[in-house]
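Reading the sequence shown from the start, the letters are residues 1 to 1195 in UniProt numbering.
Ideal placement from N, C-alpha and C gives every residue a C-beta, glycine not left out.
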Amino acid sequence: MRLLELEFENFKSFKGHVTVPLGPGFTCITGPNGSGKSNITDAILFILGSRSTKLLRARKLKQLIYGFQEGTKKKTGPKACKVSMVFDNSDRFLAIEKDQVTFTKGIRLRGENTTTYYQLDGIKSSASEFEALFSRAGLYATGYNIIQQGDVIQTSLMSGIERRRKIEDVAGITAYDNRLRSTRSARNSVEADLTLLNDRAKEAKRTLKQLEREKEDAEKLEAVLEKIKENEILLKFRNVFDFEAEIESRREVVERYTEELSELEKEQKERKEDIENKQKQFEDVERNIAVSGGDKARELQEELDKARVAHALSERNSDGAVNRLQELEVNRKLLDNEHKIASNELKNLNNDLTKISKDVLKIESNIAAKVSKLSELEGAAANNSEAVSTQRDELEILRKEAGELEMQRHRLDGEKEQIEIQLTSAREQVIRSKKWLDSIETDVKEADYQLKDLEVGRKSTTQNLDKVKTKHNNILRTIEAHQEKLGTIESKLRTLSMKLASQEAAQRARDEFGGYAKAVKALLDCRDKRELRGIIGTIAELGRVDEKYATALEVAAGTRMQSIVTEDDSAAAAAIDFLKRNNIGRVRFLPLNKVHSYKPSAHALMISKKEGALGFAQDLVKFDKRYSDVFGNVFGDTVIMDSLNLARKHLGKGRMVTLQGEILESGGALVGGAAPRTGIHFGTSERNDLDELSNDIRNLEAEKLQLSSELHEIIREAGQLATTRQELESEKAAFQTRVTDYDGRTGEIKKRLQEADEAVKIREGLVEALQGEIIERTGLLDGLEKDIQKVSTKISKATENLQAVAGGKTSKVISELQNSLDEEREQLSSGQANLASLTAKIDSMKSEVGRLKGELEINNTEQKELQETKKTENKKNKELEKLLKSLRKEEHDKFKELKGLRDERDELHDLLTNLKTDFSTKQELRRSRRHAMDDLKIEITTREPKLIEAKNRIPKETKTPKTVPGREKLEAEKETLDRNRNRLGNVNMLSLEHYRQESERFSEIKKHRRQLNEEVRRLDTLETKISEKKEAKFMGVYNNISESFKTSFKEITGGGEAGLVLENEKSPFEGGVTIKARMPRKKMYPVEALSGGEKSLVSMAFIFAIQGYDPSPFYLLDEPDQNLDGVNTEHIGRAIALQSSVAQFLVVSLHHAALRESDNVIGVFMGDDGASRLHQIRDVDTFLASLPVEAEVGA
1 MRLLELEFEN FKSFKGHVTV PLGPGFTCIT GPNGSGKSNI TDAILFILGS
51 RSTKLLRARK LKQLIYGFQE GTKKKTGPKA CKVSMVFDNS DRFLAIEKDQ
101 VTFTKGIRLR GENTTTYYQL DGIKSSASEF EALFSRAGLY ATGYNIIQQG
151 DVIQTSLMSG IERRRKIEDV AGITAYDNRL RSTRSARNSV EADLTLLNDR
201 AKEAKRTLKQ LEREKEDAEK LEAVLEKIKE NEILLKFRNV FDFEAEIESR
251 REVVERYTEE LSELEKEQKE RKEDIENKQK QFEDVERNIA VSGGDKAREL
301 QEELDKARVA HALSERNSDG AVNRLQELEV NRKLLDNEHK IASNELKNLN
351 NDLTKISKDV LKIESNIAAK VSKLSELEGA AANNSEAVST QRDELEILRK
401 EAGELEMQRH RLDGEKEQIE IQLTSAREQV IRSKKWLDSI ETDVKEADYQ
451 LKDLEVGRKS TTQNLDKVKT KHNNILRTIE AHQEKLGTIE SKLRTLSMKL
501 ASQEAAQRAR DEFGGYAKAV KALLDCRDKR ELRGIIGTIA ELGRVDEKYA
551 TALEVAAGTR MQSIVTEDDS AAAAAIDFLK RNNIGRVRFL PLNKVHSYKP
601 SAHALMISKK EGALGFAQDL VKFDKRYSDV FGNVFGDTVI MDSLNLARKH
651 LGKGRMVTLQ GEILESGGAL VGGAAPRTGI HFGTSERNDL DELSNDIRNL
701 EAEKLQLSSE LHEIIREAGQ LATTRQELES EKAAFQTRVT DYDGRTGEIK
751 KRLQEADEAV KIREGLVEAL QGEIIERTGL LDGLEKDIQK VSTKISKATE
801 NLQAVAGGKT SKVISELQNS LDEEREQLSS GQANLASLTA KIDSMKSEVG
851 RLKGELEINN TEQKELQETK KTENKKNKEL EKLLKSLRKE EHDKFKELKG
901 LRDERDELHD LLTNLKTDFS TKQELRRSRR HAMDDLKIEI TTREPKLIEA
951 KNRIPKETKT PKTVPGREKL EAEKETLDRN RNRLGNVNML SLEHYRQESE
1001 RFSEIKKHRR QLNEEVRRLD TLETKISEKK EAKFMGVYNN ISESFKTSFK
1051 EITGGGEAGL VLENEKSPFE GGVTIKARMP RKKMYPVEAL SGGEKSLVSM
1101 AFIFAIQGYD PSPFYLLDEP DQNLDGVNTE HIGRAIALQS SVAQFLVVSL
1151 HHAALRESDN VIGVFMGDDG ASRLHQIRDV DTFLASLPVE AEVGA
């Protein structure tokens, strides 16, 4: 394998396309400083896959592109660069079945970003494929065979450990390292399992000891359970007695409310009579005020009324114009949309018509050609026979007749279809006209009604006064509606209150049956009464859980659900002192300022990610973030699992609780069976239901309060209605104006009614005419169909006769041509039918488009007229507002003199208002008492079944005790018994069987532990063997390189001496490799004490030594002789020339000696344009002679 050439394109200082031919052996690259010599080495590193742009002497990849300048706005210049390496692969050193292989890597600019691409022999490739091929061939950007500028002494400067690892890489002992890591990992895993087994063994011992005590606990538990049973019976009797007492007390309240209602009925009757008397007095005063006003006051009032009426009419006309404009605008948008749709559909129909017309013309052309050919065949047959000629003439006559009939049929079909479309459109117009007619008839009726109403109002002032009464009645109905709504709200309140009470009772029952301990209850009571500060609540109160996880989380928390959370430890201390003073009991406290956060163990974290794990217990509880530490204290690192089978896979690795309530302890113990019954629960949807009910009740009570306030206001308004009758009398003066207005409007609407009626009749007549035409066309089509059928039959017979007379081959050809012609005629018939149908649709659609366009124009015209009307009425309205303001001021000045009568009227009005308010208040009291009675009766009704149910819960044979202690005493006794039962814990009645199972499990653990100890010993032995093999391999390579190093150094220096020395000969991998060297006629020194040039010689000797063991296809050395004098430069040059017989060397150098020893010399020079140029130097001596005496190339 050999590198044949390098190809650049706009790479660094090389502009355009540049080729660097590389011969075999020793190739030297020379040139002045800054000419771009090292850019050739950078190109090779770039394509070999340098991981850092720093190795390429660039900060960014884009800086590798020729002429790129960071920060400039220059738009010209190259936007890409690439490098290619061409290898001779005739020895198949590269894993590719080709004699010559080209690797190409390039960069493209994309805006501010760069993209890199790879090609292998011109085909798209990837960095990973390049890396794989180069690594198999031993080529690396950071390999020992590549030395960059200034790095020649790195081998001498590296530490001993780094030098030893360099030799390890050459020795290829990575596989041993991998095996060692695998073995050590396996041993660590086994040791971890062994530690876990030791923990399980300890847990098993504790479990066996626990089982020995369970027999005694079982006997104690039996006695406690018997006492608990007796306590439950007494509690059931106490429930019965309490229900009986509640029912009796409610019956007494119902009787008391019944008596109160009877008294209220009498009082309300008297108040009603008083209100009627005061109302009569109020009306008399109102009449006196009207009389005292005089003629001038009445004239002023009439003028004011006229202005009000005119203002109202103007406002009505303006509002009517606005509403009509809105309707017209909505209609205009609909019409515009329909017009666009119809126009598009018409365009599509015209396109379809054009296409079908072309198809029909094509078919007609085909038919004409075939008819011509058929005529020729039949004519030829006729020339040979008079009979055939006769038959042919008859057939032609029939065919012409058939064609004419077919054309008539298509025409009639098209006419019929067009008439049907017109009929459908006419029917739709009739429907629209009838709707319009109905609308106008409604307007006529409305106008007539208004006109009659105004006539009646003009004739009689009494009816105007009746309107006031009507309005008063409406107010009263509004009052009744509000009262009815209040009744509905109160009914809902009763229902929700009963539901809330029922659910709270159920919650209390659960709490009473198995709720908090006595001490916890006492502290919660003190908290609610604010007797103790800093008590927040229990864990059960502060958490909310989904019902799905409720059982698991309650079992996981256990008795800690009763733990009380406090603001700080001082509050907890105060609560403890309270419990001591009252000798109530003990409680577990969790002060927020002292409880620390709990972090799960590594085993728990692993379990939480396994199959069936639902998460950590505390993560499944909803609570305020402030309480995260206390919930962590309660649950710890308990993991909730889906089922026992899935949880058993991780038994002994952490604490787990299943959804069914089984507990799996971290030590390996299991606790399970029937789920424990307890009255303490986390908040679930039932708690949410209670909260929602409470919110609903509060909202209804607020609504009730608002309605009561509105009712009071409406009642006050009803009292003021009487004062408005004088204003209503003034409407008489305005009636004439309104009558005239409605009279003109009625005439206009009736005229429109007549027009609409005529339009309906015209359209209905059109429908009848079109129906008649359709019947006529249908009859004609039926007749034509029969004629066509007859002619077709005659044509078939005539064709058969002609073929029979013609006979032979001609008959067969005529028959085939006739069949083909029949098919074409059927297609033509279908096409013509489609044409007729499309023509009818297009005519209809044109008519529809024209109609929509006309309606749009009418709409726009009407909108313009209404805009003008609106403008006129708004102007008139402003003028009338000014007039009304002036008249009101005059009215106010006129009626100052009536102040006395008005004051009397106001006093009567206030008295009436107070009487009516008192009446309403008592009515409200009556209603509330009735509702309360209803509620109590409902409560009695609901408690009676509960009483029966409570009695049924008592076993039938149980005798009623003579005395039943109070509920508190029974609950205290129950709490003591529960405490005794809880103190015993979960007693296992099958302790002997469990003990046997635990013994077998303990034996298995010990057996497994012995096996694991044996596995640890086996892995230790295996690790020792692998380490010995690794050391043997390393030492073999080390000795080989060490000998080669001595020889190489001696050859390079012309008699010097050097060697590799292990820092730790007994354990080579615990130390490094140092180098000692002695130049000719000097002493032996460590490499660190040598000069720069001597270090360079050591490094080159080390590289040659490695090449002797692990040769590389080629070597790239950038100024390896930069620190050497003339003599040593010659030594290096000769050494490289000697080594180049077995490997290809590419060397960048400025020294004459290196140039003379090389096989090929390439000169690099910088042009005036700043681009590097290449020159093949064939005569080295002549080139060197041209240089100044004793001067180097770079001088």
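For the pair E567 and G632, the Cα-to-Cα distance works out to about 17 Å.
By DSSP's assignment, V101 forms a beta bridge with F87. Its chain contains K236, N239, V240 and F243 as the residues whose beta carbon lies nearer than 8 Å to that of A950, once the 5 sequence neighbours on both sides are disregarded; these appear in chain order. Within its own chain, the residues whose Cβ lies closer than 8 Å to the Cβ of P1080, once the five positions on either side in sequence are excluded, are T1053, G1054, G1055 and G1056, listed in chain order. L45 and L56 have their alpha carbons spaced roughly 7 Å apart.
Burial of K1030 is indicated by the presence of at least 16 other C-beta atoms within 10 angstroms of its C-beta. Under a 10 Å Cβ-count criterion, K355 is classified as exposed, with fewer than 16 other Cβ atoms of the shown protein chains found around its own Cβ. Between L1062 and P1068, the C-beta spacing is below 9 Å. In terms of Cα proximity to T183, the closest of K15, L1022 and A702 is L1022. If you look at V1148, you'll find it in the beta strand (DSSP E) that goes Q1144 to V1148. The Cβ atoms of Q149 and E1119 sit closer than 9 Å to each other. A residue is called buried when at least 16 other Cβ atoms come within 10 angstroms of its Cβ; E1088 does not meet this threshold and is exposed. Sixteen is the threshold: when 16 or more other Cβ atoms of the shown chains lie within 10 Å of the Cβ of E203, as they do, the residue is buried.
Minimum Cα-Cα distance from L496 among the listed residues N695, Y627 and R586 corresponds to N695.
Cβ neighbours of S1112 within its own chain (closer than 6 Å, five residues either side excluded): G138 and N145. Ranking G49, N178, G160 and A80 by CA distance to the CA of T142 puts G49 first. Membership of L120 in any alpha helix (DSSP H) is not indicated; the residue belongs instead to the beta strand (DSSP E) covering N113 to L120. With 16 or more other CB atoms across the displayed protein chains lying within 10 angstroms of its CB, N39 is buried. Taking a cut-off of 8 Å on C-beta distances, the region 1037-1053 touches the region 1115-1132, as three or more cross pairs fall below it.
In this structure, the alpha-carbon of G23 lies about 9 Å from that of R2.
Within the model, the alpha-carbon separation for G537 versus R1010 is close to 52 Å. For E265, the secondary structure class from DSSP, reduced to helix, strand or coil, is helix. By the beta-carbon neighbour count (other beta carbons within 10 angstroms, threshold 16), N10 is buried. For A571, no pairing in a beta bridge is given by DSSP.
Annotation: L335 to T861 spans about 14 Å, alpha carbon to alpha carbon. By the Cβ test, the region 635-642 is in contact with the region 610-617, since at least three Cβ pairs between them sit closer than 8 Å.
Checking the DSSP bridge columns, you'll see D1118 partnered with V1148.
Judged by DSSP in its simplified three-state form, R586 adopts coil rather than helix or strand. Contact check for G1071 against G160 passes: the beta carbons are separated by less than 9 Å. Between the beta-carbon of K846 and that of L346 there is about 7 Å, and that keeps the pair under the 8 Å contact cut.
Considering only G25, E823, E7 and S491, the residue with the shortest C-alpha distance to V18 is E7. When the alpha-carbon of P32 is set against those of K594, H1175, S1003 and K871, the nearest one is in H1175. The DSSP-derived three-state label of H650 is coil.
With a threshold of 16 other beta carbon atoms within 10 Å, I858 falls short and is exposed. Membership of I1177 in the beta strand (DSSP E) is indicated by the continuous run S1172 to I1177.
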